[in-house]
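To convert, take the position in the sequence shown, counting from 1, and add 316; that gives the working numbering. Don't be surprised by glycine CBs; every beta carbon is placed ideally from N, CA and C. So the structure is just underneath, and the comments pick up after that.
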Amino acid sequence: MWEVIMRLRDRVAIITGAASGIGAATARLFSQEGALVLAVDLPGRGLFAMHDEDPRITCLEKSVADHDAAAVLTDAALRLGGGLDIVMNNAGVANNALAESMPVEDWDRAMAVNLRAPFLICQAAIPWLKRSKAGRIINVASVMAEGTGFGLAAYCASKAGVAGLTRTLALELGKFGITANYLLPGAIRTGMTQPLWEAQPQIAD
317 MWEVIMRLRD RVAIITGAAS GIGAATARLF SQEGALVLAV DLPGRGLFAM
367 HDEDPRITCL EKSVADHDAA AVLTDAALRL GGGLDIVMNN AGVANNALAE
417 SMPVEDWDRA MAVNLRAPFL ICQAAIPWLK RSKAGRIINV ASVMAEGTGF
467 GLAAYCASKA GVAGLTRTLA LELGKFGITA NYLLPGAIRT GMTQPLWEAQ
517 PQIAD
């Protein structure tokens, strides 16, 4: 009989945007690999329904844009296993408005969720990641960090910021054995991108 190899046995991970899409799939995979996962998402997104039956996943309904989110998430993760090994900033928002007419509130929200929150969560987590044998930071950016499109000024700017933030974290934290990497997903069919698929059904072909 094959022995199950649990590569993340008893590692503690924070994953934001974990109610659906990339975040939900990653939370399940980390759990299967033995991690203790703090899955975070907004209230009303089906977070508990997605993960309630998995004893290795603890759900926390919280907006990452809240002023106390970084401290709350870090404290909750520490209660799972006494340490923190992995941070995955996956939560994100997108809007579509031309720069000329975009309400500043839309710009601020994109920056708060997509860029400010990952920075603050990483900042709160770093002291604990330094204590880990293998601290890991995974920030989800987007292919639009290196591209653009009409109406995507806030989204593209915030995701480009995620890339720059992560490269700097990698530079600063490498000497502590902490790796920091960012992902550039393309158009994955998730709840956030569903309007795109509905508006342009040809991209599904």
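{"Asked": "Please classify L487 as buried or exposed, where buried requires at least 16 neighbouring CB atoms within 10 angstroms.", "Found": "exposed"}
{"Asked": "May I ask you to report which of helix, strand or coil DSSP gives I402?", "Found": "strand"}
{"Asked": "Helix or strand or just coil, what does DSSP make of L354?", "Found": "strand"}
{"Asked": "What's the gap between the Cα of A428 and the Cα of C438?", "Found": "14 angstroms"}
{"Asked": "Within the continuous alpha helix (DSSP H) that includes A386, where are the two ends?", "Found": "385-397"}
{"Asked": "The alpha helix (DSSP H) with E488 in it runs from where to where?", "Found": "469-489"}
{"Asked": "Could you spell out the range, first to last residue, of the alpha helix (DSSP H) harbouring R344?", "Found": "337-348"}
{"Asked": "Taking only three categories from DSSP, how would you classify Q518?", "Found": "Low per-residue confidence applies at Q518: pLDDT is 49, beneath 50, and the placement is therefore not dependable, though the value from the model is reported in the following sentence. Helix."}
{"Asked": "Report buried or exposed for I504, applying the criterion of at least 16 other Cβ atoms within 10 angstroms of its Cβ.", "Found": "exposed"}
{"Asked": "If you drop the 5 nearest sequence neighbours on each side, which residues of the same chain put their C-beta closer than 6 angstroms to that of Q518?", "Found": "In this prediction, Q518 scores a pLDDT of 49, lower than 50, which makes its location untrustworthy; no coordinate-derived value is stated."}
{"Asked": "Which of the three DSSP states is assigned to E462 in this structure?", "Found": "coil"}
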